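So the protein lines, in turn, are chains R and W. Counting from 1 along the first sequence, just add 346 to a position and that's the residue number in this note's numbering. Counting from 1 along the second sequence, just add 14 to a position and that's the residue number in this note's numbering. From the three backbone atoms N, C-alpha and C, an ideal C-beta is built for every residue, glycine too. Here the structure is a predicted model, which is why all the values come from computation and not from measurement. Reading through the structure tokens given below for one structure.
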Amino acid sequence: MIITRPNHDFATKYLFHWSQFVIDAAKKHRIPVIDLKGKLANRKELTKSIRKTSPDFIFINGHGDDGLVAGYNNRILVEVGDNERIFSGAIVFSRSCRSAAKLGKSCVKKGTRAYIGYTDDFIFYSDEAAKFLEPSNLIATSLLNGNTANQADQKSKDAYAKIIKKLKTTRVPAKDRELIPYLQWDMEKQVCLGNDNARLKNRL
Amino acid sequence: MRHQEPKISDQEIRNLVIARLQLFSSNRRISIGGSGSFTKEQLIEKIKHHDPVGQKIIDVQLNYLRSFKNQRFLG
């Protein structure tokens with residue numbers, strides 16, 4: 347598994363921290379991890395690592411846009427019409443804004459087995475980050491546990507739905523209920539593109 | 015006679031979302047992708063000034079309110 351996790355601003359610092367749980371899960375499964383953290387989350391290191399190891403799973407954390415995902419200091423890692431072929435043969439989970447809208451589709455056309463990501467902005471409350479980032483971590487940990495891309499996506503959505511349902515009960519303080527529209531947004535903007543049945547080869 | 019949906023103006027939507035946000039707690043930060051992180055008060059200002067971040071919050075809140083109508087999420 348290759349993971350990119352820059353930490354240059356407010357949002358990426360949260361993603362950086364919460365990604366550690368996925369790295370720990372991979373290590374528990376004895377899955378080798380190349381951790382491109384901080385400044386190492388750049389195009390040169392990512393390309394080099396992919397060429398060297400042909401990873402089964404690539405987990406991108408950072409900012410993004412419809413046609414790209416970025417690394418440290420928002421420098422572009424992968425962009426539509428440029429280098430999306432580097433994901434070919436892998437399952438990709440991109441925890442970055444909007445990249446599933448165009449980049450994900452293009453990656454799948456060019457050989458990415460499955461691309462899980464978001465078609466719009468990923469939004470979270472920093473003081474309740476766990477409610478947003480645990481369900482998204484579940485995509486990666488479910489894949490590591492041997493689930494298919496579609497199952498991983500669904501387990502994550504089920505986790506969001508469970509939290510939302512809990513927050514809708516009347517005993518919950520208003521300050522917690524205000525999270526619901528944002529949780530629902532992240533859940534609904536999450537998509538799984540490509541082969542629903544793709545799973546990590548060493549987890550068959 | 016065909017039933018016509020009452021029309022609601024852009025400003026009325028803006029006011030509705032601002033009214034919702036005013037009920038929310040202060041001193042919390044919401045991270046919105048690459049746009050940054052914002053307090054409730056900053057978001058209200060962004061909605062008033064027709065800023066893209068303000069529009070995103072309107073989209074999120076309307077998406078939620080519409081989900082009741084569409085029974086998309088009954089929890």
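Inset, instruction - Return the chain-ordered list of same chain residues with a C-beta closer than 8 Å to the C-beta of Leu392 (chain R), the five sequence neighbours on each side being excluded. - result: Ile348, Thr350, Leu382, Gly417, Leu423, Val424, Ile432
Legend entry - Beta-carbon proximity of Lys54 (chain W) to Ser45 (chain W), cut-off 8 Å: no
Legend entry - Which of helix, strand or coil DSSP assigns to Gly89 (chain W): Legend: pLDDT at Gly89 (chain W) = 46, less than 50; position of this residue unreliable, no value from coordinates given.
Inset, instruction - Locate the alpha helix (DSSP H) running through Ala453 (chain R), then write down its first and last residues. - result: Before going on, a small fix: residue 453 (chain R) reads as Cys here, not Ala. Unbroken alpha helix (DSSP H) run through Cys453 (chain R): 449-455.
Legend entry - Delimiting residues of the alpha helix (DSSP H) encompassing Lys83 (chain W): Counted as a single uninterrupted DSSP element, the alpha helix (DSSP H) harbouring Lys83 (chain W) occupies residues 66-83.
Inset, instruction - Give the range of the alpha helix (DSSP H) segment to which Arg421 (chain R) is assigned. - result: Premise fails: Arg421 (chain R) is in no alpha helix (DSSP H) and is neither H nor E.
Legend entry - Those residues which DSSP pairs with Ser45 (chain W) across a bridge: R:Phe470, W:Ser51
Legend entry - Per-residue burial, Val82 (chain W) [other beta carbons within 10 Å of its own, 16 or more giving buried]: According to the sequence shown, residue 82 (chain W) is Phe rather than Val. Classification for Phe82 (chain W): exposed.
Inset, instruction - Compute the beta-carbon to beta-carbon distance between Leu479 (chain R) and Ala372 (chain R), rounded to the nearest angstrom, for a pair I have assumed lies under 8 Å. - result: Not quite, the Cβ-Cβ distance comes to about 17 Å (not below 8 Å), so this is no contact.
Legend entry - Arg397 (chain R), buried or exposed, once every other Cβ within 10 Å from all chains shown has been counted against 16: exposed
Legend entry - Alpha-carbon spacing of Lys512 (chain R) relative to Asn429 (chain R), whole angstroms: 42 Å
Legend entry - Cβ of Asn29 (chain W) within 8 Å of any chain R Cβ: no
Inset, instruction - Could you name the residues of the region 467-486 of chain R whose beta carbon sits closer than 7 Å to any beta carbon of chain W, in the order they occur along the chain? - result: Asp467, Phe468, Ile469, Phe470, Tyr471, Ser472, Asp473
Legend entry - CB contact below 8 Å: Gln530 (chain R) versus chain W: yes
Inset, instruction - Find the nearest neighbour of Asp8 (chain W) within the set R:Val379, R:Asp467, R:Glu524, judged by alpha-carbon distance. - result: There is simply no residue 8 (chain W) to check, as chain W begins at 15 and stops at 89 in what is shown.
Inset, instruction - Return no unless some Cβ of chain R is closer than 8 Å to the Cβ of Gly89 (chain W). - result: Unreliable placement is indicated for Gly89 (chain W), whose pLDDT of 46 sits below 50; no coordinate value is reported for it.
Inset, instruction - Would you verify that the beta carbon of Lys391 (chain R) is, or is not, closer than 8 Å to some beta carbon of chain W? - result: Before going on, a small fix: residue 391 (chain R) reads as Glu here, not Lys. With 8 Å as the cut-off, Glu391 (chain R) does not count as an interface residue toward chain W.
Legend entry - Pairwise C-alpha distance: Ser400 (chain R) and Ala475 (chain R): 32 Å
Legend entry - Reference Ala33 (chain W), options W:Lys62, W:Ser51, W:Arg43, closest by Cα: Of the candidates W:Lys62, W:Ser51, W:Arg43, the one whose C-alpha sits nearest the C-alpha of Ala33 (chain W) is W:Lys62.
Inset, instruction - Could you confirm whether any beta carbon from chain W is found closer than 8 Å to the beta carbon of Cys443 (chain R)? - result: Interface residue (Cβ-Cβ distance to chain W less than 8 Å): Cys443 (chain R) is classified as such.
Inset, instruction - Would you kindly work out how many angstroms separate the C-alpha atoms of Val31 (chain W) and Lys521 (chain R), rounded to a whole number? - result: Each residue's alpha carbon lies about 16 Å from the other.
Legend entry - Those residues which DSSP pairs with Thr399 (chain R) across a bridge: Looking at the DSSP assignment, Thr399 (chain R) forms no beta bridge with any residue, so it has no partner.
Legend entry - Simplified DSSP assignment, three categories, for Ala436 (chain R): coil
Legend entry - Gly427 (chain R) - DSSP class collapsed to helix/strand/coil: coil
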